[in-house]
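Accompanying notes for the structure given below.
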Amino acid sequence: MQPTDYFLKLANAGSAVSRYESEQGNAYLASSVEAIKAVFRQGAQFACPSHPYRHLDPLLQPLGRQWLGMGSSAAHDDALLDDVHAFFESHRIFPGIDTFHVTTNLPAADFHLALKAMCFALGCRLLFGLYIGGKSVDLARASDAIEEIRSGDGSGSSSSGSKASDLRARSAQAEFSWLAGEVQRQCGVAPTGENAHAVQETILSAAVPLAYALIWTLSLLGRDAATQAAIRREATGMNCGARVTRDALRASPAVAVVKEALRLYPPVWALSRTSTAEQCLADIPIQAGDAVVVSPYALHRMRSAWDSPHQFDPQRFDTGTLKPHTYLPFGAGPRTCPAAKSNVHVLVLAVHALLRRYSLSISKMPGAHPLVALRPAPQGSVSLRKLAEPR
Ligand code: HEM
2 MQPTDYFLKL ANAGSAVSRY ESEQGNAYLA SSVEAIKAVF RQGAQFACPS
52 HPYRHLDPLL QPLGRQWLGM GSSAAHDDAL LDDVHAFFES HRIFPGIDTF
102 HVTTNLPAAD FHLALKAMCF ALGCRLLFGL YIGGKSVDLA RASDAIEEIR
152 SGDGSGSSSS GSKASDLRAR SAQAEFSWLA GEVQRQCGVA PTGENAHAVQ
202 ETILSAAVPL AYALIWTLSL LGRDAATQAA IRREATGMNC GARVTRDALR
252 ASPAVAVVKE ALRLYPPVWA LSRTSTAEQC LADIPIQAGD AVVVSPYALH
302 RMRSAWDSPH QFDPQRFDTG TLKPHTYLPF GAGPRTCPAA KSNVHVLVLA
352 VHALLRRYSL SISKMPGAHP LVALRPAPQG SVSLRKLAEP R
């Protein structure tokens, strides 16, 4: 059984906290509001290795700081969205299709890679002011390898398998070292390992979940021509030279679709913490060193929290009131995603840019592959039709 389904089964069984078998020792899944709040509370006795993104401050562009929640002004938020909008409008996502074809059947793996590469290009441009061109594809491939290795999914068992995987790991690392070198060179700072680590971890934290969220959203839309058409109409009306603002984007039907995609397929499908003390979690005694997991994937599909939980129904976000702590695509508490405020709008802008240029159809939803992030399986194909009129 996939770990996503296993967590869902535990969550649906109704216990606030469930113990489960883990290779690392004692582990618990927290599923009730009370237990989740306790895990994420400010000052709680649950640790998580610190993320190095704050070390990046001297290397970031002003809008990159804003994106990472290190600046706070509504005007800068709109400037950020304007820049993201300009990026998506000018980015040639599928250059071959733009140039040569009207309709094409793209292998899903190529479709995914192109979108992931776009998210790396966006991240490098917005965070560091770097235009990386074709290198974005190399970084996207390198991130595939890093995700697999970190999930224990990339090592071969035979010695020739492990040699191949060592080689893949080294070449993936070389891509990110190149990027870190470029960022530091551009800022005129002496390269340090600490900076290189911060650049790599931050760009991975930004581009990977964005890419998967976008792929899942487009895959769901690829099976829903009517919603695609509604979003295209709205997107075309909005693209008339006026500045993009949060208020304008709020009206787009793509907002509910993106939220629903993040519900069904949260890229960060499990959040792990380590207990730093002997304590009780929802009356269950746990020891220092025990792992406690909160799974957005399981929470988002729990029968007690959602009607028809497995069904794609964006309207639930237009009409429903969410139960507390049942929708956590960006986490919660002091370690919430620092880009949480912008993520949905950035994704809406990507969906708009894509649907203004293409119509897409997908015959089968990709399977979900829970590595470090919830990756869509690359099987199948995507039919892309370039729209006749430039929009
Ligand atoms: C749809 C897109 C995204 C999703 C679903 C997502 C989700 C998350 C989640 C759930 C966490 C919390 C992890 C935890 O508590 O253990 C997180 C942390 C983080 N995210 Fe995002 N994220 C997204 C996009 C981004 C972007 C665009 C950036 C950068 C611009 C970013 C930067 C970070 C960083 C630096 C952290 C670590 C924060 C810390 O540990 O204090 N994320 N993200």
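If you read the sequence shown in this note's numbering, its first letter stands for residue 2, the second for the next number, and so on. Ideal Cβ positions, reconstructed from N, Cα and C, are used throughout, including at glycine.
- Between E35 and A306, the C-beta spacing is not below 7 angstroms.
- Of all alpha-carbon atoms in V295, H346, Q187, the one lying nearest the alpha-carbon of T337 is that of V295.
- In terms of Cβ geometry, A48 and T277 form a close pair [threshold 7 angstroms].
- Spanning the alpha carbons of V256 and V352 requires a straight line of approximately 10 angstroms.
- If you check the C-beta of N13 against ligand 1, you find no heavy atom less than 6 angstroms away.
- Between D84 and R244, the CB-CB gap reaches or exceeds 7 angstroms.
- Using a cutoff of 6 angstroms, the CB of R336 counts as near ligand 1, since one of the ligand's heavy atoms is closer than that.
- The shortest CA-to-CA distance from P63 to any of L128, A12, Y7 is the one to L128.
- According to the DSSP secondary-structure assignment, N106 is paired through a beta bridge with S384.
- The beta-carbon distance between L219 and L355, rounded to whole angstroms, is 7 angstroms. This is short enough to meet the 8 angstroms contact definition.
- Comparing alpha carbon positions, the residue from S163, S206, N27 closest to H52 is S206.
- Just so you know, the alpha carbons of Q229 and L222 end up roughly 6 angstroms apart.
- Between M71 and D58 the beta-carbon gap is near 7 angstroms, inside 8 angstroms, which marks them as a contact.
- Of the other Cβ atoms in all chains shown, fewer than 16 fall within 10 Å of the Cβ of G97; this residue is therefore exposed.
- Residue environment: H326 is assigned as buried (16 or more neighbouring CB atoms within 10 Å of its CB, all protein chains considered).
- Beyond the five residues adjoining it in sequence on each side, A226 comes within less than 8 angstroms, by CB distance, of S360, S362 in the same chain, given in chain order.
- Beta-bridge partners assigned by DSSP to I363: V383.
- Taking C-beta separations shorter than 6 angstroms and ignoring five residues to either side along the sequence, the partners of N27 in its chain run D291, following chain order.
- Assigned with DSSP and collapsed to three states, R93 falls in coil, not helix or strand.
- For the pair P210 and P268, the CB atoms are nearer than the 7 angstroms cut-off.
- By the Cβ-count criterion, R151 is exposed, with fewer than 16 other Cβ atoms from all chains shown falling within 10 Å of its own Cβ.
- Looking at the DSSP output, H370 bridges to R376.
- If you compare the alpha carbons of L388, M303, V345, Y328 with that of S16, the shortest gap goes to M303.
- The alpha carbon of N13 has as its nearest neighbour, out of G65, A299, V138, the alpha carbon of A299.
- Exclusion of the five residues before and after E90 leaves A354 as the residues of its chain whose Cβ lies within less than 7 angstroms of its Cβ.
- Applying a distance threshold of 6 angstroms between residue Cβ atoms and the heavy atoms of ligand 1 selects C49, H52, Y54, W68, L69, T203, S206, A207, P210, L211, A214, P268, V269, L272, P330, F331, G332, R336, C338, P339, A340, N344, given in chain order.
- Around the C-beta of S253, 16 or more other C-beta atoms lie within 10 Å, and the residue is accordingly described as buried.
- With 16 or more other Cβ atoms from the protein chains shown falling within 10 Å of its own Cβ, A199 counts as buried.
- Taking a 10 Å sphere around the C-beta of T203, we find 16 or more other C-beta atoms and assign the residue as buried.
- Taking C-alpha positions only, A212 is separated from F112 by approximately 11 angstroms.
- The three-state secondary structure of F88, taken from DSSP, is helix.
- By the criterion of at least three beta-carbon pairs nearer than 8 angstroms, the region 136 to 145 is in contact with the region 114 to 125.
- Per DSSP, reduced to three states, the secondary structure at A227 is helical.
- E261 and D314 do touch by the CB rule: their CB atoms are close to 7 angstroms apart, below 8 angstroms.
- A residue is called buried once 16 or more other Cβ atoms fall within 10 Å of its Cβ, and Q201 is buried on that count.
- Between P371 and W270, the beta carbon gap of about 6 angstroms places them in contact (Cβ cut-off 8 angstroms).
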